[in-house]
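Visitor: Before we start, here is the structure in question, set down as structure tokens.
Numbering (full-length UniProt numbering), first residue to last: 1 to 459.
Printed below as a string of structure tokens:
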């Protein structure tokens, strides 16, 4: 049904203005008028005048784990969690599900699992593993948004790490394709830095942090840049580094972006911007992720890199598991699963930290909606409030605070370092294509209306 949403504070073209947004029965924005129009008999009228209206978030880094590891997370619980936090689109990572999304056949297994149980729209990344270079273009043609590879062990046997020869093949196959090649950029340095083992106080976070030094990230990114320089279409081959945690990588990224002409973007995550290693307790394995959360000084540098445009996006990297795999009682950082759970909390987490630093909500939205939509090849459809886009909105109260309790967590396993924190900024409603799919009072709606995004992306 056609409707109009009004607010005194709508984010349009990067600024907040009073506006009325007209939505067609097909869920598209058809008009945006300055000011607040009066109710009309032929239009459903949603008055959010006292709240802030943002575009729905696009979380371009989420592990939904279904099929195969649905006890960790699944499309139903994961997309409900997304809806509760104003995330209207998630892009599912290719690993931790069984089978991984490395062939068209495997992708169809995932699509079969996702049908009719997605509360938000879902797109899919494919995976690059040794020997699947001939599967990449068929996956592009079937609708995957791009590809991820690991330069170090992934943690699951069915998604092995790639060597430089595999990366070179993938770059050659994908140059000129409407796609993006993404890297988990950690790699053992050539000099063979000693890796701290579980014999070194395995319950101490400091031991784990020493085991994944900054040089793991810088080594990997230097190799990516070197391989990209050798590619004869380095300016058109889109590359992306996921979950940057080390500030030591920033000069390398900036040089590649600004001096070498490489089409390279990078993201960081909510947890790297909210937590610092100095405050992580021993046995606190719910903070464990790879690459690891580093120091407060390092965190400050990541914030500056976002503001400078060296990093363009902020994502959840929601990587959940069962309680047994986190093993909080023993708290062995070397044996527990590495991944932070936070899907649906990201907008409030980021706004809590950004507001302390004098950063406006406009930039927060840019990093989590507009830029993530662009990264996933969806900016013409998602990520901003503009005519022709999907009518995906977040009704947000930037002043309201809340405590993260289990009742506020909608993902399957309620293990999260955010539990117990007081966050600033509350998602009050979420709209997907003009339909209200979440309210803070009533929770997530009864019927999943999320679509699977499978159209081939454009260059």
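Ideal Cβ positions, reconstructed from N, Cα and C, are used throughout, including at glycine.
In this text the structure is predicted, and so the values were computed from the model without any measurement.
Report all residues from its chain with a CB closer than 7 Å to the CB of residue 137; omit the five preceding and five following residues, and keep chain order.
Guide: Around residue 137: 173 and 177.
Visitor: Here's a check: name, in chain order, each residue in its chain whose Cβ is nearer than 7 Å to the Cβ of residue 270, leaving out the five neighbours to either side.
Guide: Once the five neighbours on either side are set aside, the close Cβ partners of residue 270 are 314, 316, 342, 346, 349 and 350.
Visitor: From this set, 30, 300, 311 and 283, which residue's C-alpha is nearest residue 275's C-alpha?
Guide: Out of 30, 300, 311 and 283, 300 has the C-alpha closest to the C-alpha of residue 275.
Visitor: Which residues in the same chain as residue 404 place their Cβ atom closer than 7 Å to its Cβ, once the five residues preceding and following it in sequence are excluded?
Guide: Result list for residue 404: 345, 418, 419, 420, 421 and 423, in chain order.
Visitor: According to DSSP, simplified to helix, strand and coil, what is residue 435?
Guide: Here residue 435 sits in strand by DSSP.
Visitor: Give the DSSP-derived three-state secondary structure of residue 208 in the structure shown.
Guide: Of the three classes helix, strand and coil, the one that applies to residue 208 here is helix, per DSSP.
Visitor: Name the one or two DSSP bridge partners that residue 462 has.
Guide: Only positions 1 to 459 of the chain appear in the structure, and residue 462 is not among them; the question remains open.
Visitor: Do residue 264 and residue 239 have their beta-carbon atoms positioned less than 9 Å apart in this structure?
Guide: Yes. Within cutoff.
Visitor: Output the distance between the C-alpha atoms of residue 29 and residue 451, rounded to the nearest integer angstrom.
Guide: Those two C-alpha atoms are separated by around 17 Å.
Visitor: Can you tell me whether residue 458 is buried or exposed, with buried defined as 16 or more other CB within 10 angstroms of its CB?
Guide: Exposed: under 16 other Cβ atoms inside 10 Å.
Visitor: Please list the segments of the beta strand (DSSP E) lying wholly inside the region 95 to 132, counting only runs of 3 or more residues, in order along the chain.
Guide: Taking only runs of at least 3 residues, the beta strand (DSSP E) segments lying wholly in the region 95 to 132 are 121 to 124.
Visitor: Return the CA-CA distance between residue 5 and residue 78, expressed in angstroms with no decimal places.
Guide: When rounded, the distance between both Cα atoms is 27 Å.
Visitor: Excluding the 5 residues preceding and the 5 following residue 22 in the sequence, name in chain order all residues of the same chain whose CB lies nearer than 6 Å to its CB.
Guide: Same-chain partners within the cutoff: 4, 30 and 31.
Visitor: On the DSSP bridge assignment, give the partners of residue 149 in chain order.
Guide: DSSP lists 183 as partners of residue 149.
Visitor: Start and end of the alpha helix (DSSP H) containing residue 251?
Guide: Run containing residue 251: 250 to 258, per the alpha helix (DSSP H) assignment.
Visitor: Where does residue 198 sit, in a helix, a strand or coil, going by DSSP?
Guide: With a pLDDT of only 47 at residue 198, under the threshold of 50, the placement of this residue in the model should not be trusted; the figure read from the coordinates follows. Coil.
Visitor: Return the CA-CA distance between residue 158 and residue 130, expressed in angstroms with no decimal places.
Guide: For residue 158 and residue 130, the distance between alpha carbons rounds to 11 Å.
Visitor: Go ahead and pull the three-state DSSP assignment for residue 323.
Guide: Note: residue 323 maps to helix in three-state DSSP.
Visitor: Using a Cβ-Cβ distance under 9 Å, would residue 217 count as near chain C?
Guide: No chain C is part of this structure, which consists of one protein chain only.
Visitor: So, with DSSP's three-state summary, where would you put residue 159?
Guide: Note: residue 159 maps to coil in three-state DSSP.
Visitor: Consult DSSP for residue 299 and reduce its assignment to one of helix, strand or coil.
Guide: Looking at residue 299 - three-state DSSP - the assignment turns out to be helix.
Visitor: With residue 271 as the anchor, note down where its alpha helix (DSSP H) starts and where it stops.
Guide: First-last of the alpha helix (DSSP H) with residue 271: 270 to 274.
Visitor: Between which two residues does the alpha helix (DSSP H) holding residue 340 run?
Guide: Looking at the DSSP string, residue 340 is not in any alpha helix (DSSP H), and its letter there is neither H nor E.
Visitor: Can you tell me which of the three DSSP states residue 333 falls into?
Guide: It is coil, neither helix nor strand.
Visitor: In whole angstroms, what separates the C-alpha of residue 151 from that of residue 187?
Guide: Rounded to whole angstroms, residue 151 to residue 187 spans 6 Å at the Cα level.
Visitor: Go through its chain and collect everything with a Cβ distance to residue 198's Cβ below 6 Å, but skip five positions before and after it.
Guide: Here residue 198 scores only 47 on pLDDT, less than 50, and its place in the model should not be relied on; the value that follows carries that caveat. Contacts found: 334.
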